[in-house]
Structures are given as structure tokens and as C-alpha cells.
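Report on one structure; see the data block that follows.
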Amino acid sequence: MADTLFQDIFTVQELDPGGKKFDKVHRIAAKSEQLDMYMHLDINTEIYPMRVGDKFLMGLASTLNLDGTPDSGYFMQGGRKSLADRYEYVMQGKLYKISEEKKKHRAEILASFGGLLMMLTGDLSVAAKFELDQRLFILIRKV
Amino acid sequence: MRRAQGTLQFTKQPYIEDVGPRKIESIQFSTFGESEILKAAEVEVHRGVYYDANKKPIEHGLLDPHMGPANKNGFCETCYGNFRECPGHYGYLTLALPVYNVGYLSTVVDILKCICKQCSRVLLGEKERLNFLKKMRNPRLETLKKSEQQKAVVKKCTALASSRKAATCSRCGYVNGMVKKGTKMLGIIHERTKVNDSFLNEYGSAISHTKESNTSNFNVPDEIDPKVVYSLLKRMLDEDCELLYLNDRPEKLMVSSIPVPPIAIRPSVIVDGGMQSNENDTTERLKRIIQANASLRQEISDTCLPTKSLNGWIDLQVEVAQYINSDVRGVPLSAPAAKPLSGFVQRLKGKQGRFRGNLSGKRVEYTGRTVISPDPNLKITEVAVPILMARILTYPERVSHHNIEKLRQCVRNGPNKYPGAKFIRQPDGTEISLMFSSRKRHADELKFGYIVDRHLEDGDIILFNRQPSLHRMSIMCHRARIMPWRTLRFNESVCNPYNADFDGDEMNMHVPQTEEARTEALLLMGVQNNLCTPKNGEILVASTQDFLTSSFLITRKDAFYDRASFSLMCSYMGDAMDQIDLPTPALIKPVELWTGKQLFNILLRPYAKMKVFLNLTVTEKNYVKSKETMCPNDGFVCFRNSELISGQLGKATLGNGNKDGLYSVLLRDYNLHAASACMNRLAKLSARWIGNHGFSIGIDDVQPPDHLISAKDEKICKGYSECDDLIEKYNKGELELQPGHDAALTLEAKITKVLNGIRENAAKECLNCLQWRNSPLIMSQCGSKGSPINISQMVACVGQQSVGGRRAPNGFIDRSLPHFPRKSKIPKARGFVANSFYSGLTATEFFFHTMGGREGLVDTAVKTADTGYMSRRLMKALEDLSIHYDNTVRNASSCIVQFVYGDDGMDPSQMEEKSGHPLNFDRLLMKVKATCPAGDQKSLSPSEIRQKTKERLSEHDMTPEGGCSEAFRDSLSKFIEDKCAKSLEETIEGLKPEGDLQGEDHENYLENISSNISGITSRQLEVFLRVCISRYHTKVIEAGTAIGAIGAQSIGEPGTQMTLKTFHFAGVASMNVTLGVPRIKEIINAAKKISTPIISAKLEDEYNPREASMSKARIEKTLLGQVAKSIKIVMSARLASIVITLDMDIIQASRLCTDAYRVKDSILQTPRIKLKEQHVKVLNPRKLEVVPQVDKSKLHFELHTLKNKLPTVIVTGINTIERVVINKDDKEEPARPKYRLFAEGTGLLGVMGTEGVNGYETTSNHIMEMQQTLGIEAARTSIIDEIKHTMSSHGMTIDIRHMMLLADLMTFKGEVLGITRHGVQKMKDSVLMLASFEKTADHLFNASVNGRDDKIEGVSECIIMGIPMQLGTGMLKVRQRMQQVKLNYGLDPIMS
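Residue numbers (numbering that gives the first Met the number 0), protein chains in the order written: chain D, 0 to 142; chain F, 0 to 1391.
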């Protein structure tokens, strides 16, 4: 059983904090319950609508293979069993930056899922699990 | 058919040494005397006739067959050659009396000024003469200095003659008068009217004996006739000639016989089917000379008195003068002919003349020209050539083993079927035309070594060009693609360098004819080798227009594609031959969807094996200044290892004119193939995608919604009422004045501000209300076309129209148009257009709009001529500067202009950093970190970083001897210190927990995070340093680069783009500085008088406003009239005087330090006021009295003139400075504003010396003044700074190296030389070069007088002579070591 690198339940606090810019993609600002994480995430709301107040479970994994073998980088088709089965909305992308929030003693993890961006702000201990240029899968399921 | 009768028959062939091909090394200029003419001539020409009745040229006529055949049927009587073979021969024509040669007239005048008109010796005293002669004979003296010496001699002699009105010859005692050129006729005047000597008395007494003469009134004829001059010149000593810098005998400067040029250069054309002949202008001129000569001869033989024949002589003189120069001055004006006959000077000079029209620019074969059109399916290096053109243009291909079958087919096809051929050339020189002869046989007989002139085929090298060719990228090398239809086609990405569009533009193509030419063209001029402009290193060939639009739309954040459409788009970008690895979709669940950004990942790196890892960050137009990649508008473009992380691509990333866009980075980090392949892929993708997607503009795109209309109306109403308030205030005189403005100007400035505010607000409102699908909005956002202003003009409000930087001027009395009341200043009456293009303009608005539009048109029309001339001059001045193998910049005569090009010897086209530094360290570091992941390696500690860097930087290739500039080493070590060592320290500091209770675990991940954030591993640092250093060394400019020409183009080309803005405020309002082309012209011309000289002075105490206004008062010119309360004439019984009362209030208020005593001093110092100490009395510190001392009769007048003069007496300040403005600068520290002074006018020295001014930091924008005050180095810096400032205020960046080169060229002779004909004359000493520049005839005549020996080494001269020039690839010659021939002079060995 593969482990996710990170898992938490978030509540959507705000939709499009910078103003609405795109029709199909909205940026959600969400806060986590357990680890006091804060997140900005672009979501294709046309196929997976999100509203303020929605609660969802979000996980980050480096591979979808259930046995934990690292992701090959090639896309395999076919209905193989995978980590994604247990989630409703799955995106694939890349962690491209880790930076510190000045003076707040928190770290920011930035990832891009084919242009849909995620910024996860949280404690340093969470950030330590990630590596730069890591392939990431974001897994979301509403609760 | 040759008639061999006249040729010499040799019993033995004469021996002619074979010396191989010869090369012209130099040209000697000299004068052509009578004996040489006779020697060169074959026949005497004395009959002014052409043909006889049988159409045969008449003997001794102007078309005598001894001078060459007159037409194709004739033969030469001298060499028996036919029309094609005979080179032509000279004839001669003897004049009855000598006349002046107009070209030498001024030289003859100069000579006559210097010699005695009786004994022909120089007028100078013996000692002076020897002195000058010694200087003149100095073998090391340059020609320029020599002619200066000669001018000095002339000046000295004229001074002798004019100072006492006469100069007595020290040798013969003859009294010489002043010599000058005749004004109304072609002659020389020797003015002796004021000379009183025996001759005059004798003449007087002689004339008194005649009856009819009136003894008191007689005139000495003051013109010296040419015959006298001739004999004077003939008697001159050789030594004196040397003194006057005459190389040859001076009598040769007169014309006594004329060489009749060969018929070849004055062709006679038979027209009207042989009925008439059309003669060349030269022939007709000669005919008139012969006629004038004949009538003069007649006159002479009729009368024995030479004075009587003056009329005929004058006619002959005029004819001969016009034969040489048809628009010579001093010719009596006859009725102007319909088309004046041109003289020799006219044949040479001007744009169409021999020098510029035929010698410097030659006609060529193998060229084509048609209309151009776009084709995105072509590669950027290709150009589509229509089959029709390909059938005409040929390339001579040598038959070899590899191409014989192809060429056989070509030969078989012949000249009319496409892949065909026109000629076959065999090695023995025979040429076979394939037009008629049996092609099949020739094809079969084709052998190796034959040359076939075959049609153009795919892959042939072609030079492609569009006029105006402003820079070297206007002519580039492409590969041909033969295509149907009739236009030349190329990829739109290459429009930019040619500045081409497809609205009917035509372009030229040339086909290089040899393998060497092809290779050189491909390597030096190939499109792929010229992606960057040498102007500043920005990328020039890049995506444009639709490519940008489609990339922008594809990379939108909400562009998602399913498997089918994504795969389709992937297939768009190639030729269906490329491997593409489909990536994992960005969205896996609930449906598989790929984003448009993923398409760009494929575009950059289609398959995993491709080793292109692009890393860059760019901010696009719509970036909101925060949060980098998380920008809500998606305006921050970030590529990481060829993956598009974020950002919607637009012009900043893909377009031209930047240094860190996608293509620039590809080009720098990888190679030109990576960049050009990427451009090709994008062109294909976007053309096909946008064709399916559709992109058009319609009326609904510019329809404003209702709420926008109301908002706009409201804004306009508010603005109008604001303006009304201002106007009312102005009318009442309550307007608060702006510094340096009067009331009217203040009003204008304020109203303009309000009105511009309206337009801006309307634009903002308008852009907000448009939805994202709006086509104009998309175009303006991605930068493909149009700006937000254009959109708002269509949708909301056109805005204020301006003419000459002002609101619309008065076209009628006190009003702009008769639709408005007089003196109306309301916005509508002054050209404010409240409507939009959609809503439609009212009649008056429309008219104002045309006024603004016309100004633009006129400006561009005027500017093209101006900048064209400027570029030409720059080019002529800089053309021969090149880099030599010792890294110096030298001109053609090996004179050093710069020791190291641009102080660091770097190539401007390769500079990666915006401000012209070689490398962009930030980007490189990012790339190294991304492409060389840390992995398991631990990152270095700050001290380790420093240690490692220091070690690497002390190696040999980082020292000046190893070819690295100090500046680069310092900047690199500074960068590593700042961005690696220090930032790591800061990160660690920032992450350090407040408490220290954390355990080892915490320590571990702290280290992990900090290294993830800003750590650098040992390998990364090593790679970074290695990349930096090795790349630096590849950026060194190559020896042989024609850096002068590149510099001239780099400065000239932006001139054409400089828009209307000709003025700009120098820090403060109201102080205008000339900008744009006029300013560049001033700088380059090194103008003595510039239109807006401004001295900017720093103050010693920058923060003290009181101090500033004190200094201002000291500098600014203050007149007595400005500070006097009254200047009155006081008349009393005892004395009359002028009483001046000073207005102490004004003096105090403007902080002037003056009182009556000082005023007295300044009155006394004023020139031309003629007042002495005792005339001015100080009554008290604010009152003085002026009592002029003249006799009573003139007193009244004197008082009044004084009263008028006194107000203009300068009390304080520098009289050349009109105005001083204090500038407050609170940008740096708002709390503590800095003050500085701007003084309008000249007088830098005075300002620097003023109390309170910091003389070290005071500069002027007047280059000549800088030179006079601070010296030549200051002038050089000033030139660089001024050009830079002018260019940057038009938003143009030019590499500083070009400006340095220009400034160095202008100053390297020790004085500031302008790039004008006077300056260029002093920089270059090649006659041919100067003759091909300006004043062609003058330079040639002077050169022959001075007997100049002109070496053929410069660019112009080599072009004229058709010799490869000593630049670039012509700089070096390959020499082959030949086996030495052993000569055995001794006896042959008996046994070998």
C-alpha cells in the first residue's frame, strides 16, 4: 500500500481570491483542519465544481502505483488499479519550488499540474518530505 | 574582320614577362599638361561636325574613326578593332588662346595671391619663405597638414597684400594689389586701383595726351587675362611651387589644348532609322568649343590687337568652363535650355553620378524581384521561389560523380522545362547554349568537370533583401524552395529583420554563383546565424502576430483538450515525421484532459531523448506585481526543464526585441538549431490551430455596453467642468502658476492633464468591461497587435488630438475653427475628441483628428530623408573600422581608434544581459540548479562556496592575460557572494527556530529545506562557474569584424523608428530638451550651436532649498531693468543726469546680492557704454546717478541713448544663461528632497565656478562646450551619454560599445570632429573615399593639384576598384609554401 506524502482535510474558504479571471478554472483558497496548512489551488470547476464551504480530503503522492513503485513518467492507459480509484479528482504535475515565508517560519511548496498551480503553505516539517522537481499527484475527494 | 595593314610585324614575338594577375595598389593623381595631351592623342579634332551624307564619321570631326568606331558597323582606325574590342583613343583640340580650367580656378587664384605679378616669385620674405619650405619638405608631414601649411602661406600673402592695400615684391619692387576671383565673369581680378606707383602716373600722363579722354577719370583694367596668368605661372620656380603644395608645373592648371575623349565614353546613337544621330552631351559641348575656338581664331587673324578679340575669348572661356562643369557660377545667364548639357563634373557627382551610381554601387546579374507573401509552413531559413523565377536564375554546377545523372536530366529538359539548364561550359572555355542545340546529345556527352548552368533547385543558397537596407539583417541568406505561383514566400517570423509586411511589398533575391560565395553567405549571412541583432543582442527573428495570438490562446489556464484534440494538435507541429511522446494528462480523473501548457512542453521537447532543458522566467504584460508564479492573471511565465510551469505565453516570451525570451534562451543555452526548430514548430502549430479555431474581429467587439457609455459620459462631463473651472480661474487671473510657466502655459498644462486623465479613465473602464474572448483585447494582451489605447479609442473615447505637442492651434483669428467662439479654450474647441471610432466623430472632431494624423505623416516623410542622410554619413565615417588580431580597433590606414573594442572586446550581438553585460548570471544559476539536480549531494556551506569560487577565479583563464576583463571577474565574484553565499546565510538565519530546544531531527530537515530553497551543491557551483567562464570566452568579438559598419547601422537604424517625440522635459516642466532625430543629428554633427543647451549643476549642499535659490540667483542673468524701480532722466539747471533707483524688495525676494555699488561696477564693466569711474555716482545703497560727460549739444541724445542702454546692463549672473530652474527630486527620499539646478544656455565654466555649485558634478549637454571647458575625454564621455540618453528616452537600447566607438572616432584626432564632410575630411585621407562621399569634383581637382598618391586600402576605394577589402574574410590571405627552386650556379657535379 502506497503512502501519500501528505494528506489532510481542507475547507474551501474563498473562491478566486485574486478576482475571477477564467471561465473553467477557479482558484480556491482552502485551510486544513489538522496540520494548519493553507492552500491555493487551481481546479477545473467545469468538471469538478467547488463552492465556498466545501470540505475535501486532499492527498499528495509521488506515484499512483499501489505497490509504491516510482512513477515511470510515461502515461499508461488502461483501467489498472491505482491510488486514484479512491479519489474523485486527480491531477498530475510537478513540484517546482520550495521557498520560505519570510519571518513566519513556514515553508511554501509550489507545484504546477500542467499549468494549474498549487501553493501549499505550512510547517517546515511538512515541507521537508518534498523534494524539488518531484513528480506529484494531487488526489481530491469531497467529504 | 581585322585590317592588319597598320600593325607592326615582328620577326620574333616580343618578350612579355608573365607576372600573373595584377592588383591596383594605389592611384596617383596628377595634372594633365599640353605635352601629355599631344602624346596621348591620335588625331587632331578641329571640325565641329559628326557624319557626312553617307553616315560615315567625318575625318578630324568629333567622331573621327581614329578615336574609335562610332557605331557597331565601324572599325577603329587606330587599333582596327570593332565596336566591342576597341577601348577608344584620345584626340586633341588646340585652343587659340589659353583659358582657365574652372576646376583649378580657385587654385590659380591662390597661387596668384602668393606670387608677384611681375617676377613670379613668392611674395613672402626670404626668411619666411625658407621657413615654410622647410616645414613643407618634412617627409613625415601628413597631406592634411600640408594643405593646412599651404593655406597658411596663402593667408600670409593675402594679409601682406590687403593690410597696406598693396605688397611690394621684395625681389623686383613691383607693387602687387589684391587678387580675387571675378564675381560676374570667369576670370581673376587684380585690384590695383588703390595702388599708387609710377605705372599709374605713366598711364595717366599717357592718356592725358589723347583728345577725347577725360583725364580725371580713367580706369585701369583690373582683370588679368589668362595669357598673362599663363606666362606668370610658367615662369614660377619649382621651389615656389613646392611651397604652394603644387606637385606639377602650375601652367598645367590652365587649358591650352583639350583632350577629346574617346567615342566610347560619349556614344553617338543613331535614331529615326538612321536619319539622325543623338550625340552625347560631351560631344555637343566639344562642338561648341570648336565653334567658339574657330571664331576666336578668326578674330585674332582679322585684328592684330589682342584686346579686340576679348569677346571671342570670353565665349571660349565660358564654353570650356561649362564643358568641365556645366553649372559653374559666373557664366552670363543665357536662356535656360530645356535640358542643360551636363559637364564632366555633373557626370561624376551626385547620387546618380559615376562615383555613387556606378563605382560604389554596381549592377549585378542573377537577381530577381517580386511581391512577397507569407507561408508559415516554410522553415525560417527557407524562401519559396516561384518556378518562373527558378527557370531564369541559374547556378553553375560542376559535373561530378555525384550529380551527373541529375545534371543530365537538367540538360535534357533544357531552358524551358523546370528542373532544366541553360548552358554547358566545357573546361576549354566553349559555351553551349541549350536553347536550340540537340540537348539529348549534350546530355549524353556530359563529362566530369563540365559546368552546367542549371535552374535553381531546392536547397540552393539565395540572398534575400528588402530596401531600405538599414542594417545587415536586411539582407540575409536563405535556402530556396521552388514552389508554384508567383510570389516569393517566407516564414512570418523573419518579417522583423526585413521590416516587411505583405501589403504589396516587393523583395529582391540574388543567387551567389560560386561555392566560396555560397559558403560565406551561408555562414555569415544565414538567417539562423543572424537571429540576434548586433545593435543590442536582442532576438530579432521571433514569432509575430498570429503566432503570438494562438500561443496565447493555447496556453490559457482553462484550455483543456481531450485525447483526440491533443493528439491532433501534437501532429500539427511537425511534418508527420517526428517522434512525439504523449505526456501524462494533467487531469487524470474524472476525465483525462491535457492542458494547453502541456502542448508547449511537447513543442519544446517532443520526445524524452531530446536533450533540451529550457529554464526561464519572464513576466508578461498582464503580470500583477506579486506572488510570481501564483499571479492571478497567469502573467508570470516560468519554464523549468522544458516544462511550462505557469504563465500564458505572449510577446515577452515568444516575441522579438527581448533578451530573455524563449528563443533567446534556447539560442544561448543550446544552439541556433534548437531555437529555429522551435520557431518552425510553433509557426506550423499556430497557423494550423488558429485556422481551425478561428480568430476574427467584428462590430460587436467594439460595441460598448450601456454602463460603459454612461460611465464615460459622466467622466467626460466631470472633466469638462474641471476644465471650465480652470479657464474661469485663468480669466480671473487666479491661476496658481507652475514654476517656469506663465498663466497661459499653466492653463494649457493643467487642461491637458485633465483631458488625458479622461482618456485614461475611459480606457481603464473600457478594458474592464470587455470579456476575455474579445479579439482586440486578446491581441493587445498577447502583444501581437495594438495597444489598450487603440482599443479604447475604438470603444470608448478617441481623446485629445495634438499638433506639435500642443492642443490644436488657431487656424483662424483667435480660434481653431469657425465653429467655436473666439478665444475659446474649452476642450471641444481645442481638439478633444469625446466620441469613439465606433460612435463616430463629429465634423469638428474629425477635422482635428486629421490635423493630428497629418502631422504624423509629414513627420515620417521628413524624417526618412533626414535619417537616411545621417546613416549615410555615419557609414562613410565608420565603414573601415575593424577589429584586428591584436584586439585593437583600427581604420584602413591602420590608425588605432580603440585599444580594446568597447573596453572589453566583447561582441555586442552576443550579450545576454539587458544592460549589455556578457552574461545573465541569475538565469544561468537557475538553469544550472534545475538541470543539474542536487540529488544526494549535500549543499555547500557559505564559506565553502567562497573558497571554491576563489580558487576557480584565480585560474589562468580568468586573468586579463587569459583574455578576461577585470570587470567580468569582479561581477562574477560579486554575484556568487550576493546570490549564493549571502542568500544561503539569510535563509538559514530566517529558518532558524526561535527556541533552541529542537532536536537533531529538526536540524536535519532544516538543512534539507534550506538547501532546497537556496543551497548549491559543489557540483552545481562547479558547473555554474565552468559554464560562465567558457561561455564568456566564446563571446569575444572575432578579429576582422567590420565593427564600424555595424556600429553605424546600429545607430542609424533606430533613427528611422524614432517617433514624433522631439521634446522632453529635463526633470522640470517648461525646460525642453531637444530629442529624437534632431538631437542625434546635433550630437553627430558636433554642432557649434545647439538648439537647447542645458547645464545641469549639482549643488554643494544638495538638501538646502535656500542655498539652491541663492546659487540660482548668482547664475541667472539679471538685467538692471529687472531690478530697478526706475531709471529717470533728471534735468536741472546745473546738470543733467540719469537717476537709477533699485527695487530692494525684488532684490531681496530673488535673493540677489547686489546694491548700488555693485551695480556701478557692472555698469562700468559693460562694453560699449563709454562711462568712466567719475561719471557714475552712488548716492546711497539703492540709488545711483549717471552723469555723462559730453558737450552740451549732444547731451540730450546721449542721455536718451543711455537711458535705453542702461536697463540692459547685466547686474549679476552669466550673460549667456537665460534661465535657471531649480529641480526638486524627492524620488529617493521623499522626506529629504534633493535640489539641483538646470541652467538654460552656455557658459559651463562660469556655472562651475559659481559659489555653491559643485563643479565636479556639473555637466552640459553641449559637446563642444564640454570639450572647450573640460577637454577631449570629457567630450567623449559626453557624446556617449548624450546619445544614450536620447535613445533611451525613445525607449531604445543600443549597446554602449557602438556609442563608444562613435565617440572614439569623433575624438581620436584630439579635437571633436563631426560626422560631416568637414569632419570626415579630417579623419580620412583617401581621395577616392572622400570623392564618393561629398564634393566629388573638389576633392578630385585638389588631389591632382597636390599630386596625391592614394592607396587602395579602405572599403570605399576597394569597392570602387573592385578589389576584396581588408575586412572580415578579406583580412587574411592564405599563402602556400612553394618548393624553393634550387639554382645551381657552380659547375655541375661530375658524379651525382
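Beta carbons are placed, not taken as given, at the ideal position from N, Cα and C, and that holds for glycine.
Other residues of its chain near Ile553/F: CB distance less than 7 Å, five sequence neighbours each side excluded: Gly595, Leu598, Trp688
Output yes if chain D places a C-beta closer than 8 Å to the C-beta of Trp484/F; else output no. no
What's the gap between the Cα of Pro68/F and the Cα of Ile431/F? 30 Å
Mapping DSSP to helix, strand and coil, what is Gln408/F? helix
So is Asp457/F buried or exposed if we call it buried at 16+ other beta carbons inside 10 Å? exposed
For Gln527/F, which residues from the same chain have a beta carbon less than 7 Å from its beta carbon, with the 5 sequence-adjacent residues on both sides left out? Thr380, Leu671, Ser675
Rounded to whole angstroms, what's the CA-CA distance from Leu455/F to Glu519/F? Just pull it up for me. 19 Å
Of the listed residues Lys658/F, Leu1371/F, Ala1330/F, Asn1341/F, nearest to Gly352/F (C-alpha basis): Ala1330/F
Assign Trp484/F to buried or exposed, taking buried as 16 or more other Cβ atoms, counted over all protein chains shown, within 10 Å of its Cβ. exposed
Can you tell which of Asp906/F, Lys1176/F, Lys1087/F, Ala876/F has the C-alpha that lies nearest to the C-alpha of Gly1043/F? Ala876/F
Return helix, strand or coil for Leu231/F, following the three-state DSSP convention. helix
Compile a chain-ordered list of the residues in the region 630 to 644 of chain F whose CB is closer than 9 Å to at least one CB of chain D. Cys630, Pro631, Asn632, Asp633, Cys637, Arg639, Asn640, Glu642, Leu643, Ile644
Which partner residues does His848/F have in the DSSP bridge list? None; His848/F has no bridge partner.
Chain-order list of residues whose beta-carbon lies under 6 Å from that of Ala1394/F (same chain, five-residue window excluded): In the structure displayed, chain F extends from 0 to 1391; residue 1394/F sits before or after that span and is not available.
Spatial neighbours of His45/F within its chain, please: CB distance less than 7 Å, with the 5 preceding and 5 following residues excluded, ordered by chain position. His59, Leu92, Ile289
Tell me whether the region 492 to 502 of chain F and the region 472 to 482 of chain F touch, counting them as touching only if at least three CB pairs, one residue from each stretch, are closer than 8 Å. yes
Nearest residue (CA-CA) to Asp314/F, options Asp301/F, Ser791/F, Arg296/F: Arg296/F
Contact criterion: CB-CB distance below 8 Å. Does Gly1015/F meet it with respect to chain D? Residue identity differs from the one stated: residue 1015/F is Ile in this sequence, not Gly. By this cut-off, Ile1015/F is not an interface position.
Kindly list the residues whose CB is nearer than 7 Å to the CB of Arg411/F, restricted to its own chain and excluding five residues on each side of it in sequence; keep chain order. Arg438, Lys439, Ala442
How is Met177/F classed by DSSP in three states: helix, strand or coil? strand
Range of the contiguous beta strand (DSSP E) that encloses Leu92/F: 89 to 99
Could you confirm whether any beta carbon from chain F is found closer than 8 Å to the beta carbon of Asn43/D? yes
For the pair the region 835 to 853 of chain F and the region 795 to 805 of chain F, tell me if three or more CB-CB distances fall below 8 Å. yes
Determine the closest residue to Met135/F out of His692/F, Leu243/F, Gly656/F, with distance taken between C-alpha atoms. Leu243/F
Is it true that the CB of Arg758/F sits closer than 8 Å to the CB of Cys796/F? yes
For Asn773/F, write down the residues that DSSP places opposite it in a beta bridge. Its beta-bridge partners do not exist; DSSP assigns none.
Note the first and the last residue of the continuous alpha helix (DSSP H) segment covering Ile131/F. Looking at the sequence shown, residue 131/F is not Ile but Phe. First-last of the alpha helix (DSSP H) with Phe131/F: 125 to 135.
Span of the alpha helix (DSSP H) holding Ile757/F? 742 to 768
For Gly32/F versus Arg248/F, is the C-beta distance shorter than 8 Å? yes
Where the alpha helix (DSSP H) containing Cys1392/F begins and where it ends: One cannot answer for residue 1392/F here, as it falls past the ends of chain F, which runs 0 to 1391.
Touching or not, the region 1345 to 1365 of chain F and the region 16 to 25 of chain F, by the rule of three or more beta carbon pairs under 8 Å? yes
Taking 8 Å as the threshold, find out whether the region 716 to 732 of chain F comes into contact with the region 584 to 591 of chain F through three or more Cβ pairs. no
Taking 8 Å as the threshold (beta carbon to beta carbon), is Pro1077/F in contact with chain D? no
By alpha-carbon positions, which one of Gln316/F, Asp237/F, Gly87/F ends up nearest to Ser119/F? Asp237/F
Those runs of the beta strand (DSSP E) which lie wholly inside the region 466 to 492 of chain F and span at least 3 residues: 474 to 482, 487 to 489
Same chain only: Cβ atoms within 6 Å of Cys1452/F, ignoring 5 sequence neighbours per side: Because chain F here runs from 0 to 1391, residue 1452/F falls outside it and cannot be looked at.
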